[in-house]
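What follows is a short report on a single structure.
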Amino acid sequence: MSHDYLIKALSADGFVNICAIDSTKMVEEARRIHNASPTAAAALGRCLTAAAMMGSDLKGARSSVTLRIKGGGPIGTIICSCGEDGCPRGTVTDFSVDPPRKPSGKLDVGAAVGTDGYLEVIRDVGMREPYAGRVPLVSGEIAEDLTSYYFQSEQSPGVCGLGVLTQNGKVTCAGGYLIRLLPGTPDEVIDELEKCAPLFVPATELLSGGATPEDIISILLPGFDMKILEESRKPVEYRCTCSRDRVTKALVSLGKAELLKFAKECEAEPAEINCEFCDKRYVFQAPEIRELAENASRP
Ligand SMILES: [Zn+2]
883 MSHDYLIKAL SADGFVNICA IDSTKMVEEA RRIHNASPTA AAALGRCLTA
933 AAMMGSDLKG ARSSVTLRIK GGGPIGTIIC SCGEDGCPRG TVTDFSVDPP
983 RKPSGKLDVG AAVGTDGYLE VIRDVGMREP YAGRVPLVSG EIAEDLTSYY
1033 FQSEQSPGVC GLGVLTQNGK VTCAGGYLIR LLPGTPDEVI DELEKCAPLF
1083 VPATELLSGG ATPEDIISIL LPGFDMKILE ESRKPVEYRC TCSRDRVTKA
1133 LVSLGKAELL KFAKECEAEP AEINCEFCDK RYVFQAPEIR ELAENASRP
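Heads up: the sequence shown begins at 883 in our numbering, then just goes up one per residue.
Below you can see the structure in the form of structure tokens.
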């Protein structure tokens, strides 16, 4: 089976930039790892799909973008992170949340996420302090909230579409698009884009009908002379970056006193630390923790 991927295109005048993605397998993998309910899978999947597109804009191997959404709803906090490889990871507080579907039959992501809170985007370019921007949630449906973020926080306004379809508890289709305008885009280009707005149907509607990400670009922006940027094509997948080394570093940062206390607790049974993004289990024995305590620089 072919791989999920994302691709970008630029208008001939250079003002309009679009990214489109088929993230079906990535979101199904996230659902499987977290054993998520359909609504939780949709909420996380939309966020992962956005993170993949935003991550793919980054330059530099150590840079990352993190989306954090907290809307006061039963799902709790959604966190997704992605590097320049466009391969994200993420988690939510409660994966069992599954409110009744909307009268239209669609998953009610907004009810799970809530609207009393914020969406935060943290960009870390691996050098200076990370840059964080935050906007109040509009609907908790994530795509609308990201559109609002682009209008308020970034220099380039944008329109975001994200979708996840499930059937019998599994993700059958997921994808999205992100259209952005260069700062200083002339009004006539903006007018032309507004004329395309009725065409902005959910990406899943197009993908499930057999469209590719390239097709999505030409269907959404017919009035623009969009040039596909072949070099932007990236295969994407759910990818965790955890390792025993990273978990060890996190333990060491607790400091000597905390580690010694922890070692004592692990005397009878070794400590099990589960990665919140991929559920991988790391086991640490008491003597190993004591050794980390001896080498910790913090008291
Ligand atoms: Zn992990």
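For glycine and all other residues, C-beta sits at the position ideal for the given N, C-alpha and C.
Because the structure is a prediction, the values reported are computed rather than measured.
Residue state for F1144 is assigned as helix, using DSSP reduced to three classes. For the 8 angstroms CB-CB criterion, L888 and G968 form a contact.
In the structure shown, V995 adopts helical secondary structure according to DSSP, grouped into three states. Excluding its 5 nearest sequence neighbours in each direction, A1145 has C-beta neighbours in its own chain below 7 angstroms: A1168, I1171, R1172, A1175, listed in chain order.
For T921, the closest alpha carbon among the candidates V1046, E1154, A1093, Y1032 is that of V1046.
Between the segment 905-920 and the segment 1107-1126 there are three or more inter-stretch CB-CB distances shorter than 8 angstroms, so the stretches are counted as touching. Nearest C-alpha to V1041 among S884, T1048, D1069, E1076: E1076. Remark: three or more beta-carbon pairs, one from each stretch, lie closer than 8 angstroms, so the segment 954-966 and the segment 993-1010 are flagged as touching. One residue list follows from the rule of a beta carbon closer than 6 angstroms to any heavy atom of ligand 1, given in chain order as C1122, C1124, C1157, F1159, C1160, K1162.
By the 16-neighbour rule on beta-carbons within 10 angstroms, V991 is buried.
Contact between V1003 and L930 does not hold, since their C-beta atoms are separated by about 14 angstroms, which reaches or exceeds 8 angstroms. Exposure of V1165 is indicated by the presence of fewer than 16 other C-beta atoms within 10 angstroms of its C-beta.
Burial is judged here by how many other beta carbons sit within 10 angstroms of a residue's own beta carbon; D886 has at least 16 and is buried. Relative to the Cα of D895, the nearest Cα in the group V1071, L1088, L989, I960 belongs to V1071. The residue among V1007, S893, L1063, T1048 with its C-alpha nearest the C-alpha of F1033 is L1063. Put simply, of E1096, L989, A918 the residue whose alpha carbon is nearest the alpha carbon of C1160 is A918. In the three-state reduction of the DSSP assignment, K1052 falls in the strand class, which pools E and B. C1124 is positioned such that its CB atom lies no closer than 8 angstroms to that of L1102. Under the three-state reduction of DSSP, V979 is assigned to coil, being neither helix nor strand. Cα atoms of K941 and M1009: separation of roughly 12 angstroms, rounded to the nearest angstrom. Between I1061 and V898, the C-beta gap is smaller than 8 angstroms, which places the two residues in contact. Residue range 906-916 is occupied by the alpha helix (DSSP H) that includes R914. A contact between stretches requires three or more CB pairs, one per stretch, nearer than 8 angstroms, and the segment 923-937 meets this requirement with the segment 964-983. Look at the segment 1074-1098 and you find these whole runs of alpha helix (DSSP H), each 4 residues long or longer: 1085-1089. Between I915 and M935, the C-beta gap is not smaller than 8 angstroms, which leaves the two residues out of contact. Burial check for P1080: the Cβ neighbour count within 10 Å stays below 16, so the residue is exposed. When the Cα atoms are used, R983 and S963 turn out to be separated by approximately 28 angstroms.
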